[in-house]
Ligand SMILES: Cc1cc2nc3c(=O)[nH]c(=O)nc-3n(C[C@H](O)[C@H](O)[C@H](O)COP(=O)(O)OP(=O)(O)OC[C@H]3O[C@@H](n4cnc5c(N)ncnc54)[C@H](O)[C@@H]3O)c2cc1C
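Numbering (the working numbering), first residue to last: 190 to 561.
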């Protein structure tokens, strides 16, 4: 029987939306080229952050944090979510000014964020932070989660409610007639469906350019480094004002460090059915240096692995969450610009409402396709 909705991509956006739609009783199929969380949603640092969010994204981040609090219970699984806060560290007087201004502006938006105005206050929250740090913002309701467990938890609960997942199948063409989606072609079959969500991350333009649409994405890369397991040392996520490094200790004890985002001229390499985005060695080095600068204890840890992760960056660093202007029934979700993990419970909620033709109850005007 033909599905009512096809979702392309089993990253966190596709799986969170599948979970939301599974409550509707519609027949939903998710089609994934590689395997769940094989790209951005597996490569991620997986911070769940409201602090430092663009004003347009803050309501989504706040909605999402409310959902994260009860997500393990709702999904009947362990997502590894820890609500232990986020520290944005200032390493110079110039950065102290920026942190103060961030705290002021986000307090005005009713975010629970405070200024820690000296090193002692910062180290009271995170004792492993360098004695060189001058100040920090602290948002205690931020946190982090385990990315693969989270995607798996959404997937399993969606499956339990009837969604089917088709792994190792690639969507290759959208079929449109009279400005209405009528189906799609995959590497294995032709599917008739009136509705389709493209939650395929950096690959979205490959599918929409043939129907005359483009999201102005600049495909960028961030470099991630993971250590071996360590004793519990750090609860909150640590970041810095210029974004050069973000790091956290996973619940399994490993530290995960991510670089800032930079332009990338490489392309995805497939090895044994797995996608890779290889980072530059110099970026591994500079990320380690930036990490050591804020958390000197890292010096004694062993490095277990490193990888690159692609980022679907838009000109305003906000996503597109919208129906395609020229194809009724085709929904677009991409351009998360390096912060789509934490807000996924909100994105899934919004996208499911759009697909079900219900008015979204979160502000989405800033995520329109035609704003560029
Ligand atoms: C290094 C790094 C650090 C990050 N840190 C954070 C953070 O701390 N906090 C935060 O909120 N966000 C963070 N992000 C961003 C966040 O991880 C992403 O925005 C989010 O995971 C994107 O999820 P997605 O489901 O939209 O896309 P993806 O996870 O990329 O999923 C897209 C899926 O679509 C599949 N696909 C593609 N084309 C096709 C096709 N034709 N047919 C079928 N399937 C297809 C892919 O295989 C993939 O599985 C980070 C990202 C990176 C890379």
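Each residue gets a CB set at the ideal place from its N, CA and C atoms; glycine is no exception.
Model, not experiment: these values are computed from the prediction.
{"Asked": "Where does residue 453 sit, in a helix, a strand or coil, going by DSSP?", "Found": "coil"}
{"Asked": "Contact between the stretch 448 to 462 and the stretch 432 to 439: three or more CB pairs below 8 Å?", "Found": "yes"}
{"Asked": "Rounded to whole angstroms, how far is the Cβ of residue 514 from the Cβ of residue 405, which I believe are closer than 8 Å?", "Found": "Rounded, the Cβ-Cβ distance is 15 Å, inconsistent with contact."}
{"Asked": "Going straight from the alpha carbon of residue 398 to that of residue 263, what length do you get?", "Found": "37 Å"}
{"Asked": "How many whole angstroms separate the CB atoms of residue 537 and residue 233, which I take to be in contact at a CB cut-off of 8 Å?", "Found": "Wrong, their Cβ atoms sit about 16 Å apart, outside the cutoff."}
{"Asked": "Select from 438, 403, 473 and 384 the residue whose C-alpha is nearest the C-alpha of residue 410.", "Found": "473"}
{"Asked": "Report all residues from its chain with a CB closer than 8 Å to the CB of residue 193; omit the five preceding and five following residues, and keep chain order.", "Found": "215, 216, 217, 382, 383 and 384"}
{"Asked": "Residue 472: beta carbon under 8 Å from a heavy atom of ligand 1?", "Found": "no"}
{"Asked": "Can you check whether the CB of residue 328 is closer than 9 Å to the CB of residue 307?", "Found": "no"}
{"Asked": "Please specify which runs of the beta strand (DSSP E), each continuous and at least 3 residues long, are wholly inside the stretch 407 to 485, giving them in chain order.", "Found": "407 to 418, 426 to 429, 434 to 438, 443 to 448, 458 to 460 and 463 to 465"}
{"Asked": "So residue 278 packs on residue 427, CB below 8 Å; how close in whole Å?", "Found": "6 Å"}
{"Asked": "Assign residue 353 to one of three DSSP states: helix, strand, or coil.", "Found": "strand"}
{"Asked": "When the Cα atoms are used, what is the spatial distance from residue 210 to residue 289?", "Found": "41 Å"}
{"Asked": "Is the beta carbon of residue 498 less than 9 Å from the beta carbon of residue 224?", "Found": "no"}
{"Asked": "Work out the CA separation of residue 251 and residue 316 for me, nearest whole Å.", "Found": "27 Å"}
{"Asked": "Relative to the C-alpha of residue 550, which candidate in 539, 257, 478 and 486 has its C-alpha closest?", "Found": "539"}
{"Asked": "Starting from the C-beta of residue 198, find all residues in its chain whose C-beta is less than 6 Å away, skip the five residues before and the five after it, and write them out in chain order.", "Found": "388 and 389"}
{"Asked": "For residue 501 and residue 229, I'd like the C-alpha separation in whole angstroms.", "Found": "9 Å"}
{"Asked": "Does the separation of the CB atoms of residue 253 and residue 532 fall below 9 Å?", "Found": "yes"}
{"Asked": "Is residue 318 helix, strand or coil when you go by DSSP?", "Found": "coil"}
{"Asked": "Look up residue 198 in the DSSP assignment and say whether it is helix, strand or coil.", "Found": "coil"}
{"Asked": "For residue 382, which of helix, strand or coil comes out of DSSP?", "Found": "coil"}
{"Asked": "Could you work out which residue in 352, 353, 490 and 460 is closest to residue 419 when comparing CA atoms only?", "Found": "490"}
{"Asked": "Going straight from the alpha carbon of residue 393 to that of residue 523, what length do you get?", "Found": "7 Å"}
{"Asked": "Thinking C-beta only, is residue 556 closer than 9 Å to residue 245?", "Found": "yes"}
{"Asked": "If residue 239 sits next to residue 331, beta carbons under 8 Å apart, how far is it from one beta carbon to the other, in whole angstroms?", "Found": "6 Å"}
{"Asked": "By alpha-carbon positions, which one of 559, 534 and 560 ends up nearest to residue 339?", "Found": "534"}
{"Asked": "Under 8 Å from any heavy atom of ligand 1, does the C-beta of residue 328 make it?", "Found": "no"}
{"Asked": "I need the boundaries of the beta strand (DSSP E) containing residue 263, first residue and last residue.", "Found": "That residue, residue 263, is in no beta strand (DSSP E); its alpha helix (DSSP H) goes 260 to 264."}
{"Asked": "Relative to the C-alpha of residue 493, which residue among 416, 475, 530 and 558 is closest?", "Found": "416"}
{"Asked": "Give a single yes or no on whether residue 257 has its beta carbon closer than 8 Å to a heavy atom of ligand 1.", "Found": "no"}
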